[in-house]
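In what follows, a structure is listed as structure tokens, so that the remarks can point back to it.
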Amino acid sequence: MKLEIEKKELVSLLSRTQNIVEKRNTMPILVNVLLEAGDQHLKVFATDLEVSLTDEVPTKVLDEGKVAVSAKNLFDIVKELPEGIIQLTKKENNWLEIKQGKAVFNIVGISSEEYPVFPSFNTDSFLKVESETLIDMIEKTIFSVSNDETRYHLNGVYFEKHSENQKQFYRMVATDGHRLSLVDRMVDEKSGESLPEVGVIIPRKGLQEIRKLIDHVGGEIEMAIEGSQLIVKKDKAILMVRLIEGKYPNYQKLIPASLSRQVLINRETLLSCLKRVSLLSNQKSKGVTLTFTDGRLEITSNNPELGDAKEEIECGYEGEELKIGFNARYILDILNSFDDEGVDFKLDGQLSPGMIQPHNDSTYTCVIMPMRI
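Under my numbering, the first residue of the sequence shown carries the number 65, and numbering increases by one thereafter.
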């Protein structure tokens, strides 16, 4: 294998593989990427057996061939080289020579035959989705995904097609048992044929890689589900994500049917106040107390080791005093995902969940469980 390629093209190609390759040495081969030169293109393959990426760029191929090399070592070397043409040459012992001007690097490689077989698919029924729509849905749910490995079915976002009032929506839902995020976005009348009626669970890492792929290329992407795989295509890039098996909980039960009190609060004011007051909260639980009185919201925190904090802001609350505790980090995550200036905070009692929505967007709902004060 021998080829010549522009540095910026190679850096762009390799950067998309960096978070996919397995850094924990459960299988040492997975720290590598597979490079394949042929048909005047350089193809790269990367996998951790859960998420797999293949992409390619046009290049000048002098000799066809393939080799597997350390993804990190190759990327670190290439990004430090100056702009211009880089020559990659596979040696007889599966080493890879990286050459530019007077700089020569040789890194140990592995035979391409030892690299895992890249997953394949047969479907040609792809759903076209606007990148902005998909990124928006991921940003509004991914922070609620559980980190608890024992509850593996909660380690991803539930994705389904949802019908309401004779309209169809894509829906993403995530919950870790303490909070829930749900977002609906309208389905194009011409799309949706390849989505199964039963929802699927997309793992967090898969969503992060989809987001990264979209950041690199933008525009419209194509998605399909075949068996236990989610396939995402954009130009020459193909990302394959193994879906999480298992039944997702009935998330509808976690959404309060009716809450007696609704408060309109300025998002920016609440966000900055919470950031300040939570600095002196318990560092693990991040607990803060919200006390609602007519036209006022007082936010307090207390940590015997650090001190205490109290701040008051204006809000549209009316009625009896209501005091309730929440994890400040959960509310901050929600507020950071909002675009609206106004926040609708819906409450019932001290022990009931709170529901937060953007004032002008009822298609996005967040629920958080209260903390004992």
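Using N, Cα and C, we set each Cβ at its ideal position, and we do this for glycine too.
In this text the structure is predicted, and so the values were computed from the model without any measurement.
Throw me the rounded Cβ distance for the residue i and residue j pair, which I believe falls under 8 Å.
i      : j      : result
Val115 : Gly270 : 5 Å
Val108 : Thr81  : 6 Å
Tyr222 : Tyr315 : 7 Å
Note down, in chain order, each residue of its chain lying with its Cβ closer than 8 Å to the Cβ of residue i, except the 5 sequence neighbours on either side.
i      : result
Met435 : Ser349, Gly351, Gly389, Phe390 and Asn391
Asp372 : Leu344, Thr364, Ser365 and Asn366
Ile150 : Glu68, Ile69, Glu70, Lys71, Leu74, Val142, Ile162, Lys163 and Gln164
Gln421 : Val407, Asp408, Lys410, Tyr428, Thr429 and Cys430
On a CA-only basis, which of the options is nearest residue i? Give me that one, please.
i      : options                           : result
Val327 : Gly406, Tyr179 and Ser184         : Gly406
Arg393 : Ser336, Asp103, Asn314 and Glu284 : Ser336
Gly102 : Leu126, Ile308 and Asp200         : Leu126
Lys130 : Val95, Thr239 and Glu177          : Glu177
Asn346 : Val168, Gly148, Ile437 and Glu376 : Ile437
Val262 : Asn229, Lys276 and Leu307         : Leu307
Pro267 : Pro92, Gly359 and Phe207          : Phe207
Leu415 : Val264, Thr353 and His105         : Thr353
His105 : Asp119, Thr111, Asp112 and Leu113 : Asp119
Thr111 : Ile174, Gly173, Tyr179 and Pro146 : Tyr179
Could you check the C-alpha separation between residue i and residue j for me, to the nearest Å?
i      : j      : result
Asp279 : Met433 : 33 Å
Phe402 : Gln232 : 23 Å
Thr214 : Glu86  : 21 Å
Leu342 : Leu77  : The sequence shown places Ser at residue 342, rather than the Leu named in the question. In a straight line, the C-alpha of Ser342 is about 41 Å away from that of Leu77.
Val209 : Leu218 : 6 Å
Met236 : Leu152 : 43 Å
Lys387 : Phe356 : 6 Å
Val95  : Pro183 : 18 Å
Asn83  : Glu378 : 44 Å
Lys298 : Glu100 : 20 Å
Gly380 : Ser245 : 24 Å
Glu128 : Met91  : 27 Å
His423 : Gly310 : 35 Å
Using C-beta distances below 6 Å, list every residue in its chain close to residue i, excluding the 5 sequence neighbours before and after it, in chain order.
i      : result
Phe185 : Glu290 and Ile295
Lys453 : There is no way to answer for residue 453, as the model of the chain reaches only from 65 to 437.
Val187 : It should be noted that the sequence gives Thr, not Val, for residue 187. Excluding positions up to five away in sequence, the list reads Ala288 and Glu290.
Asn170 : Trp159 and Glu161
For residue i, which residues in the same chain have their Cβ closer than 7 Å to its Cβ, ignoring the five residues on either side in sequence?
i      : result
Gly383 : Arg325
Ser195 : Ile278, Gly282, Gly283, Glu284 and Ile285
Give a yes or no on whether the minimum CB-CB distance between residue i and chain B is below 8 Å.
i      : result
Val431 : Structure shown: chain B not included; a single protein chain is present.
TODO: Run through the region 347-405 for me and flag every whole alpha helix (DSSP H) of 4 or more residues, listed as ranges in chain order.
DONE: 392-400
Task: Sequence ranges, beta strand (DSSP E) only - wholly within the region 285-328, length at least 3 - done: 293-298 and 301-306
Task: Every unbroken beta strand (DSSP E) inside the region 160-221 [3 residues or more] - done: 160-164, 167-171 and 191-194
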